[in-house]
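Keeping their order, the protein sequence lines are chains A and B.
Mind the numbering: the first sequence is residues 2 to 352 in this note's numbering, read in order.
Mind the numbering: the second sequence is residues 2 to 352 in this note's numbering, read in order.
Let me begin by presenting the structure, written as structure tokens, before commenting on it.
There are 2 protein chains.
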Amino acid sequence: MKSRDRSANVYRKPTMSDVARLAEVGVMTVSRVLNGTAKVTDATRARVERAIEQLNYSPNELARVFRGQRSHSIGLILPYLYDTFFATCAHAVITVAREHGYSVILTTSNEDPETEVAEARSMLQRCVEGVVVIPTYARSSRLARTSFGRTPVVAFDRPSSDASIDTVLVQNTAGARRMVEHLIEHGHKRIAFMGISRSLFTINARFLGYRRALQDAGLDENSFFGCDSDTSTREALDAMMRNGNPPTAILTSSTLATRYVLGSIAHLGLHVPADLALAGFDDFELAEFTAPPLTVVRQPVQEMGRVATNLLFDRIARGETPQSGSRIVLPVEIVLRRSCGCKHRTPVVMQ
Amino acid sequence: MKSRDRSANVYRKPTMSDVARLAEVGVMTVSRVLNGTAKVTDATRARVERAIEQLNYSPNELARVFRGQRSHSIGLILPYLYDTFFATCAHAVITVAREHGYSVILTTSNEDPETEVAEARSMLQRCVEGVVVIPTYARSSRLARTSFGRTPVVAFDRPSSDASIDTVLVQNTAGARRMVEHLIEHGHKRIAFMGISRSLFTINARFLGYRRALQDAGLDENSFFGCDSDTSTREALDAMMRNGNPPTAILTSSTLATRYVLGSIAHLGLHVPADLALAGFDDFELAEFTAPPLTVVRQPVQEMGRVATNLLFDRIARGETPQSGSRIVLPVEIVLRRSCGCKHRTPVVMQ
DNA sequence: TCTTCTGTTGAAAAAGATTTCAAAAAAATC
DNA sequence: GATTTTTTTGAAATCTTTTTCAACAGAAGA
Numbered sequence: 002m003k004s005r006d007r008s009a010n011v012y013r014k015p016t017m018s019d020v021a022r023l024a025e026v027g028v029m030t031v032s033r034v035l036n037g038t039a040k041v042t043d044a045t046r047a048r049v050e051r052a053i054e055q056l057n058y059s060p061n062e063l064a065r066v067f068r069g070q071r072s073h074s075i076g077l078i079l080p081y082l083y084d085t086f087f088a089t090c091a092h093a094v095i096t097v098a099r100e101h102g103y104s105v106i107l108t109t110s111n112e113d114p115e116t117e118v119a120e121a122r123s124m125l126q127r128c129v130e131g132v133v134v135i136p137t138y139a140r141s142s143r144l145a146r147t148s149f150g151r152t153p154v155v156a157f158d159r160p161s162s163d164a165s166i167d168t169v170l171v172q173n174t175a176g177a178r179r180m181v182e183h184l185i186e187h188g189h190k191r192i193a194f195m196g197i198s199r200s201l202f203t204i205n206a207r208f209l210g211y212r213r214a215l216q217d218a219g220l221d222e223n224s225f226f227g228c229d230s231d232t233s234t235r236e237a238l239d240a241m242m243r244n245g246n247p248p249t250a251i252l253t254s255s256t257l258a259t260r261y262v263l264g265s266i267a268h269l270g271l272h273v274p275a276d277l278a279l280a281g282f283d284d285f286e287l288a289e290f291t292a293p294p295l296t297v298v299r300q301p302v303q304e305m306g307r308v309a310t311n312l313l314f315d316r317i318a319r320g321e322t323p324q325s326g327s328r329i330v331l332p333v334e335i336v337l338r339r340s341c342g343c344k345h346r347t348p349v350v351m352q
Numbered sequence: 002m003k004s005r006d007r008s009a010n011v012y013r014k015p016t017m018s019d020v021a022r023l024a025e026v027g028v029m030t031v032s033r034v035l036n037g038t039a040k041v042t043d044a045t046r047a048r049v050e051r052a053i054e055q056l057n058y059s060p061n062e063l064a065r066v067f068r069g070q071r072s073h074s075i076g077l078i079l080p081y082l083y084d085t086f087f088a089t090c091a092h093a094v095i096t097v098a099r100e101h102g103y104s105v106i107l108t109t110s111n112e113d114p115e116t117e118v119a120e121a122r123s124m125l126q127r128c129v130e131g132v133v134v135i136p137t138y139a140r141s142s143r144l145a146r147t148s149f150g151r152t153p154v155v156a157f158d159r160p161s162s163d164a165s166i167d168t169v170l171v172q173n174t175a176g177a178r179r180m181v182e183h184l185i186e187h188g189h190k191r192i193a194f195m196g197i198s199r200s201l202f203t204i205n206a207r208f209l210g211y212r213r214a215l216q217d218a219g220l221d222e223n224s225f226f227g228c229d230s231d232t233s234t235r236e237a238l239d240a241m242m243r244n245g246n247p248p249t250a251i252l253t254s255s256t257l258a259t260r261y262v263l264g265s266i267a268h269l270g271l272h273v274p275a276d277l278a279l280a281g282f283d284d285f286e287l288a289e290f291t292a293p294p295l296t297v298v299r300q301p302v303q304e305m306g307r308v309a310t311n312l313l314f315d316r317i318a319r320g321e322t323p324q325s326g327s328r329i330v331l332p333v334e335i336v337l338r339r340s341c342g343c344k345h346r347t348p349v350v351m352q
């Protein structure tokens with residue numbers, strides 16, 4: 002019998018019917034008091050509220066959602082979290098979600114397409130109402146609009162391989178191009194590009210902007226220098242500088258590459274910008290305090306997360322899943338400090 | 002009628018009974034095929050699997066959990082996420098959770114005790130099996146063991162005001178003390194401490210260590226200098242240095258304080274360590290590339306997150322909620338670079 | 001052939017909330 | 001006071017899955 006099980010000595014969270022029994026009303030009345038969906042006499046309401054208080058009852062959200070309500074949760078899939086860039090994205094997403102009264106289930110794909118798909122699947126099974134995702138390297142990501150059924154998905158920072166997914170990006174190519182043009186204005190003719198790997202969408206896009214700027218200026222087209230660790234960076238830079246015709250400036254592809262290059266430059270004892278000018282893609286808090294302060298292309302990181310999440314909530318609210326994904330591209334800024342050769346005492350922001 | 006509703010033109014995720022109907026078996030058989038809980042004939046299994054395939058069915062995890070299974074999810078509450086420290090913690094928690102096959106629901110408290118309690122409540126309503134939390138400033142946090150019922154909770158980085166909650170911390174006081182002792186060994190007699198706010202547990206603990214070291218050395222006891230913004234830091238530092246007897250070294254309380262102080266030092270045109278030696282609490286990736294490289298107390302950030310999460314899973318597995326919380330304190334390291342006056346070319350790690 | 005046994009299968013109940021619909025109570029009308 | 005109308009309340013069905021238990025079929029043994 003129900004009542005027998007209930008009286009057993011195992012701890013069990015109080016349910017709505019426990020409240021109803023104590024308040025000597027039907028469960029429906031309790032539900033009404035909780036949700037305010039219909040009129041309840043003040044006397045009855047008071048009894049119910051007292052019972053809720055007494056039992057320290059709180060509704061089981063799972064049951065509620067399960068009954069067909071909205072789950073008020075969205076999923077967020079990022080490659081990693083220890084990277085400031087991704088963490089800032091996550092912060093933006095969580096903040097917007099909270100503004101809408103939503104929780105966020107957050108997981109990392111570790112850049113593994115298998116994990117990414119598995120996590121997406123797991124989220125759908127948990128009835129998230131939408132998913133925001135930074136896809137793994139675009140080429141390998143297997144996320145497809147179709148596998149999400151009616152659940153909206155928004156990709157950002159990198160596009161998904163499935164073009165029908167809504168996407169929010171920044172001007173990677175244009176930003177890199179603009180930065181290289183600035184280096185050229187400083188008189189540099191041999192400019193190198195150092196990046197983690199061209200297989201990353203953003204890095205490849207920046208590389209293309211870099212190459213475009215060189216071509217437009219009629220300069221030697223340089224190629225991509227990989228730097229995916231302290232060691233490999235040091236070796237690459239060393240080889241580069243021992244070359245008969247070494248570069249006089251470097252554009253790094255991302256914060257991580259910048260860090261590797263800064264380390265290698267310190268190790269080789271080079272002076273910036275006298276020996277080698279430097280510009281990075283992606284600003285970071287301490288860029289002002291490196292030696293010398295670093296010139297960078299600044300991405301609107303928070304903005305990108307916010308825009309992507311708002312787009313998701315827009316889709317959720319409208320309940321529509323458009324046939325072709327929209328693509329939003331956000332502008333970037335150039336922050337001129339001193340590593341490029343500028344003499345500014347304080348940073349100058351362009352555009 | 003059921004079947005009428007089902008055939009309506011509204012999209013609905015396929016359910017187990019849809020599969021059962023298509024495969025012409027009972028729902029129970031479908032369940033058995035999915036979970037492998039009992040023998041099913043090869044022929045039947047094949048039919049069911051084909052139906053699952055055809056409908057692209059995947060089980061509703063919520064219903065499953067709701068039926069009384071474990072939710073395989075834990076909650077994580079952090080003050081913020083855009084801080085590298087917290088992001089790294091989150092990464093560690095998510096990684097350990099995944100190792101256990103668990104999802105993480107992540108929210109931020111924004112250092113607001115109200116939000117913290119609300120988010121914790123929301124997580125419990127979503128049936129998380131445990132919660133890992135970095136409480137808001139210990140004094141204001143209203144998290145109590147009792148409000149979690151049987152659900153295990155582990156606090157880390159800062160203790161909860163409720164001592165019965167399991168807690169994982171680092172040696173804040175001992176680390177700061179050790180660092181100040183090192184500065185004293187360099188011959189400094191007037192050492193200042195700059196921090197965001199003493200109301201933060203960690204910062205206060207570090208301040209106490211700092212004070213203790215000064216007392217032990219029989220030096221003037223200095224007091225706390227607040228620096229909670231670029232402006233206030235600049236003013237505080239300016240006043241400090243104009244004083245007749247300015248400090249010759251500063252210990253900063255955290256990465257954020259370090260950043261403010263670095264900015265102010267640059268602004269005032271001071272030379273480190275000649276004019277002013279510097280040491281920080283909490284290491285960060287670019288500490289090696291500031292001018293000069295920064296000496297810091299390094300906390301085992303990932304380790305702390307891992308230990309806390311493992312402790313949580315331990316509690317979950319044992320199903321016990323001990324009367325008194327255990328307290329684990331992890332050791333810190335001193336990383337000597339050059340801002341303290343050391344001449345090392347490469348960092349030296351102590352302890 | 002009839003019983004017994006094993007191995008598969010399905011029907012019904014359960015989990016905790018909400019929705020629908022009808023009943024009961026109260027208020028309003030004549 | 002009887003009837004209608006409105007307000008307040010509760011019982012039963014429902015959401016999707018798993019658990020329990022019973023039924024059924026086929027095989028083995030008598």
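Quick reminder that beta carbons are idealized off the backbone N, C-alpha and C, glycines included.
The structure displayed is predicted, hence computed values, not measured ones.
Under 8 Å between beta-carbons, which chain A residues line up against residue i? List them in chain order, please.
i: Y81/B; result: H92
i: C343/B; result: Correct list: empty, because the minimum Cβ distance to chain A is about 16 Å.
i: T85/B; result: Y83, T85, A88
So that I know if they touch, is there some Cβ in chain A lying closer than 8 Å to that of residue i?
i: V41/B; result: no
i: P60/B; result: yes
i: V134/B; result: no
i: T203/B; result: no
i: I95/B; result: yes
Any C-beta of chain B sitting closer than 8 Å to the C-beta of residue i?
i: Q126/A; result: yes
i: S325/A; result: no
i: S123/A; result: yes
i: T89/A; result: yes
i: G264/A; result: yes
i: T137/A; result: no
What residues match up with residue i in a beta bridge as DSSP calls it?
i: S340/B; result: DSSP lists no partner for S340/B.
i: S72/B; result: None, per the DSSP bridge assignment.
i: D167/B; result: V155/B
i: G281/B; result: T253/B, V297/B
i: R207/B; result: DSSP, once it has assigned bridges, lists no residue as partnering R207/B.
i: G227/B; result: G196/B
i: I106/B; result: I106/A, G76/B
i: T328/A; result: Per the sequence shown, the amino acid found at residue 328/A is Arg instead of Thr. R328/A is bridged to T168/A.
i: T291/B; result: T291/A
i: M242/A; result: None, per the DSSP bridge assignment.
i: I1/B; result: With chain B running from 2 to 352 in the structure shown, residue 1/B is simply not present.
i: V133/A; result: L77/A, V155/A
Taking C-beta pairs closer than 9 Å, name the residues in chain B that residue i reaches, listed in chain order.
i: A267/A; result: E289, F290, P294
i: I251/A; result: In chain order: nothing, as chain B lies at least about 15 Å away.
Can you pull the chain B residues whose beta carbon is under 8 Å from the beta carbon of residue i, in chain order?
i: R260/A; result: E286, L287, F290
With a cut-off of 8 Å on the beta carbons, I'd call residue i and residue j a contact; round off their distance for me.
i: I266/B; j: L257/B; result: Wrong, their Cβ atoms sit about 15 Å apart, outside the cutoff.
i: T174/B; j: R207/B; result: 7 Å
i: S198/B; j: I204/B; result: 6 Å
i: P153/A; j: I335/A; result: That pair is no contact at about 34 Å.
i: M195/B; j: T253/B; result: 5 Å
Could you name the residues of chain B that residue i contacts, counting a contact when the two beta carbons are closer than 7 Å?
i: F67/A; result: L63, A64, F67
i: A52/A; result: Chain B residues near A52/A: none, gap ~17 Å exceeds 7 Å.
Which bits of chain A does residue i rub up against, with CB to CB less than 9 Å?
i: T45/B; result: Result: empty, since nearest Cβ-Cβ is about 24 Å, beyond 9 Å.
Cβ-based contacts, 7 Å cut-off: residues of the stretch 150-163 of chain A near chain B:
Result list: G150, R151.
Of the residues that make up the stretch 13-26 of chain B, which ones have a beta carbon closer than 9 Å to any beta carbon in chain A?
For the stretch 13-26 of chain B, the set of positions with a beta-carbon nearer than 9 Å to some beta-carbon of chain A reads K14 in chain order.
Please identify, using Cβ separations under 7 Å, the residues of the stretch 217-235 of chain A that lie next to chain B, in order along the chain.
none
Closer than 9 Å, Cβ to Cβ, to anything on chain A: give me those residues from the stretch 103-119 of chain B, in chain order.
S104, V105, I106, L107, T108, T109, N111, T116
Of all the residues that make up the stretch 311-340 of chain A, which are near chain B by a beta-carbon distance shorter than 7 Å?
none
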